[in-house]
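In the numbering used here, the protein residues as written are 5 to 405.
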């Protein structure tokens, strides 16, 4: 019997009305004769409310505090799982909520962004044999010494793909508030086209380059275990976008889509007394994720791009280095953005970069840095040119056709 994992995001279970409206989607798969496992997020806004409450009572600096923080945040998904199970039972469908400690889903000790090390599927297998739909609280795990952890923002997507991989599911459906993956953000480019199919590799580049449709870790898991993903909306009847391995896609365009990321900052360090490798190590030791790092002028100057969320930690580190004369000065620039064009054949199309840069130059958009990989070209620009650049490049490559 085919097995489908259905994951419902926060907007799909935003309130009890929405929870009632996802029941037909679950019944539809059951009526097809499929086994179903459900994974849910917290109701819309609940996680942010819990974060606010935690910040009001704690500085959240120690591991012990972060463990309690994770315990508080985990409660949001638990409530949703119970409510969905109750509604399914009300419809005479056997269902039960399942929490991380009941599987158990074991993670490491890295609170707020834990990595999953193992989990048992015995309980899920038993439920399916009894005709019971397991409704799993996503986003959460448990350490070997029984402390709750969370998997980071978007962690319910990761839970769903891990469950699908371990249970050898035929497909994992991720229900969100968008109809699928588009050639560009439809809020920016209204004529953006929904893609019916995309490869794991392309989707991973979309996610890591700023697209918020799917969590990047969930795509990595699906790709590693070759679990077909489908992104679709719980608000419409659209079939969404299927994410599968490249060799199953009949045809690929050079440019599949365009995405952007404004949540970045650029740091420029002047007259560093430390070596480039030492600076890299210090940044890494402070859990600051670097997108790109450049060594210039014989180790005396360097610059790197990182996430805007790391700004406070970064300033503390750099001020300490400055006060101890390890660097002379630094500049933080938050008015940057990276535009990424994604698709197969990019690296081997030697004229493509010239076409892109010449076109943007005519649009009076200055490109300050170019980074090229096998299926992505990224352009560093000023953030106030982001929407203009996306529109212009989308038109240039006729991605709406």
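Ideal Cβ placement from N, Cα and C applies to all residues, glycine included.
Is DSSP giving residue i helix, strand or coil here?
i	result
residue 159	helix
residue 218	coil
residue 241	coil
residue 124	coil
residue 274	strand
residue 335	strand
residue 10	strand
residue 185	strand
residue 263	strand
residue 305	strand
residue 197	coil
residue 207	helix
residue 16	coil
residue 351	coil
residue 31	helix
residue 251	helix
residue 57	helix
residue 26	helix
Measure the Cβ-Cβ separation of residue i and residue j and say whether it is below 8 Å.
i	j	result
residue 77	residue 51	yes
residue 170	residue 103	no
residue 41	residue 192	no
residue 142	residue 168	no
residue 13	residue 47	no
residue 238	residue 179	yes
residue 158	residue 219	yes
residue 23	residue 70	no
residue 85	residue 136	no
residue 39	residue 132	yes
residue 357	residue 305	no
Just curious, the beta strand (DSSP E) that residue i is in, first and last residue?
i	result
residue 295	294-300
residue 382	380-386
residue 111	109-111
residue 179	175-180
residue 39	39-44
residue 369	No beta strand (DSSP E) contains residue 369, which DSSP labels as neither H nor E.
residue 346	340-346
residue 203	201-203
Which two residues bound the contiguous alpha helix (DSSP H) that contains residue i?
i	result
residue 373	Where residue 373 is concerned, there is no enclosing alpha helix (DSSP H), although the beta strand (DSSP E) it sits in stretches over 373-376.
residue 118	Looking at the DSSP string, residue 118 is not in any alpha helix (DSSP H), and its letter there is neither H nor E.
residue 328	Element bounds for residue 328: n/a, residue is neither H nor E.
residue 73	67-94
residue 393	390-400
residue 282	280-289
Looking only at DSSP bridge pairs, what is residue i linked to?
i	result
residue 144	154
residue 269	310
residue 139	42 and 101
residue 235	178 and 245
Just to check my reading of the structure: residue i and residue j have Cβ atoms closer than 8 Å, yes? What is that Cβ distance to the nearest angstrom?
i	j	result
residue 309	residue 268	6 Å
residue 262	residue 363	Going by Cβ atoms, the distance from residue 262 to residue 363 rounds to 13 Å, so no, they are not a contact pair.
residue 118	residue 155	6 Å
residue 264	residue 394	6 Å
residue 342	residue 382	5 Å
residue 204	residue 226	6 Å
residue 259	residue 347	4 Å
residue 120	residue 109	6 Å
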